[in-house]
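The block underneath contains the structure these notes are about, expressed in C-alpha cells.
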Amino acid sequence: MRRGKRQEYDRFRVENLKDTLLFICNRLAEHFGPLHWWPADSPFEVVIGAFLTQNTAWRNVELAIAALKRAVPLTPQAICGLERQRLEELIRPAGFFRQKAQRLQLFSGDLLEHYQGDLDAMLAGPLPQVRRYLLEFKGVGPETADSILLYAAHRPSFVVDAYTRRLLQRYGILQGGESYEQIRTLFMENLPLQTDLFNEYHALIVEQCKTFCRKRPLCDSCPLQPHCAVIL
DNA sequence: ATCCTGATCA
DNA sequence: TGATCTGGAT
Numbered sequence: 002m003r004r005g006k007r008q009e010y011d012r013f014r015v016e017n018l019k020d021t022l023l024f025i026c027n028r029l030a031e032h033f034g035p036l037h038w039w040p041a042d043s044p045f046e047v048v049i050g051a052f053l054t055q056n057t058a059w060r061n062v063e064l065a066i067a068a069l070k071r072a073v074p075l076t077p078q079a080i081c082g083l084e085r086q087r088l089e090e091l092i093r094p095a096g097f098f099r100q101k102a103q104r105l106q107l108f109s110g111d112l113l114e115h116y117q118g119d120l121d122a123m124l125a126g127p128l129p130q131v132r133r134y135l136l137e138f139k140g141v142g143p144e145t146a147d148s149i150l151l152y153a154a155h156r157p158s159f160v161v162d163a164y165t166r167r168l169l170q171r172y173g174i175l176q177g178g179e180s181y182e183q184i185r186t187l188f189m190e191n192l193p194l195q196t197d198l199f200n201e202y203h204a205l206i207v208e209q210c211k212t213f214c215r216k217r218p219l220c221d222s223c224p225l226q227p228h229c230a231v232i233l
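Okay, structure coming up:
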C-alpha cells in the first residue's frame, strides 16, 4: 500500500516538473528558512566573491575578502590599482590565487575602460546579451556568469552548480549526462522567472547539499524524505 | 582528462 | 592523510 502510493507519486512527479520543482523549493524553505544570499556589501563585492569561490570553500573566500577589504576599498579602480603580486598575496586564502588575481584585474579593467567602473551599466540590457558578454571574460564560465546576473544584477538567471546536479539526479529528475545549459533551461522553463525565487532556490540547494545531500548522503534526517528517489 | 591552489574536516 | 569545496581553461 505504501509502495503503491510511492509509485503513484513518482508518475505524478515526472509528468509535473513545475509542481515538483516548486515542491522541493518549498520543502527546503520550510526546513532551512530564509537564507538571504548573497552575503556582500555591494554588487561589485558579489562579483569578487563569484570569482574567488570557484572550486573553493566559502570559508576561504571570506578570509580572502576580509584581507582584501582591509587593504583597499572593493572597487574596480582599487583592484586594478594593486600590483598583481600584492593582489595575489591578499586573496591567497581562496586558492588558485594567481589565475584569480589575473582574472579579477582583467574584469575590473574592462569595467573601467568600457563602463567607467559602473557595474550596473555593464549588466544592463537584455539578459541573454549580458550573459554572453560575461561569458567572454577569462574565468567566467556559466555558473559564475549566472551568479553575477542573479546575485549582483538581481536578474532571473538560474544558477546551476555541482550541488544542483547531485540533488536533481538523486531525486530522480536528472539522468546524469545533462549539460549546464539543459539544467538551467529546465529550471527557467518550469519556474516563474522571479529573481527572489531563483535567489532563494539556489541558496537552499547549496545548504541542502552541504547538510544532507552530501557526497555521502544523510538520508535519515533529510527534509526531502520520503519523496526522493535516491538509490543507495 | 588534467591543471590550478589553500583551508578544513572525516 | 585524503576528500572536498557555491569552476574554468587548456
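Quick note on numbering: the first sequence equals residues 2 to 233 in this note's numbering.
Ideal Cβ placement from N, Cα and C applies to all residues, glycine included.
Check                                                                                                                                                                             : Outcome
Please classify W59: does DSSP put it in a helix, a strand, or coil?                                                                                                              : helix
Terminal residues of the continuous alpha helix (DSSP H) containing S180?                                                                                                         : Counting along the chain, S180 falls outside any alpha helix (DSSP H), and DSSP gives it neither H nor E.
Alpha carbon to alpha carbon, how far is W39 from E63? Give it in angstroms, no decimals.                                                                                         : 12 Å
What's the call for A163, buried or exposed, on a 16-neighbour Cβ count within 10 Å?                                                                                              : exposed
How would you label H203, buried or exposed, when you count the other beta carbons within 10 angstroms and need 16 or more for buried?                                            : buried
Check for me: the alpha helix (DSSP H) holding R166 runs from which residue to which?                                                                                             : A163 to Y172
Could you check whether A102 and L88 sit closer than 8 Å to each other, using their CB atoms as the reference points?                                                             : yes
Might you give, ordered along the chain, the residues of its own chain that have their beta carbon closer than 6 Å to the beta carbon of H32, omitting 5 neighbours on each side? : P224
Looking only at its chain, what residues have a beta carbon closer than 6 Å to the beta carbon of A65, apart from the 5 residues adjacent to it on each side?                     : L53, I92, P94 and A95
When DSSP labels each residue in this structure, what does M2 get in the three-state scheme?                                                                                      : The predicted position of M2 is uncertain, since its pLDDT is 31 and thus under 50; a value taken from the coordinates is nonetheless stated next. M2 falls in the coil class under three-state DSSP.
Can you list, in chain order, the residues of its chain with a C-beta nearer than 7 Å to that of R132? Leave out the 5 residues immediately preceding and following it.           : A146, L150 and S158
What does the Cβ neighbour count give for A58, buried or exposed, with the cut at 16 atoms within 10 Å?                                                                           : exposed
Report the residue ranges of all alpha helix (DSSP H) runs contained in full by the region 130 to 155; include only those spanning at least 4 residues, in chain order.           : 143 to 148
Can you tell me where the alpha helix (DSSP H) holding E84 begins and where it ends?                                                                                              : Counting along the chain, E84 falls outside any alpha helix (DSSP H), and DSSP gives it neither H nor E.
Between which two residues does the alpha helix (DSSP H) carrying C26 extend?                                                                                                     : L18 to F33
What distance in whole Å lies between the Cβ atoms of L205 and L83, which are believed to be in contact at a cut-off of 8 Å?                                                      : In fact, because the Cβ distance is near 36 Å, the residues do not count as touching under 8 Å.
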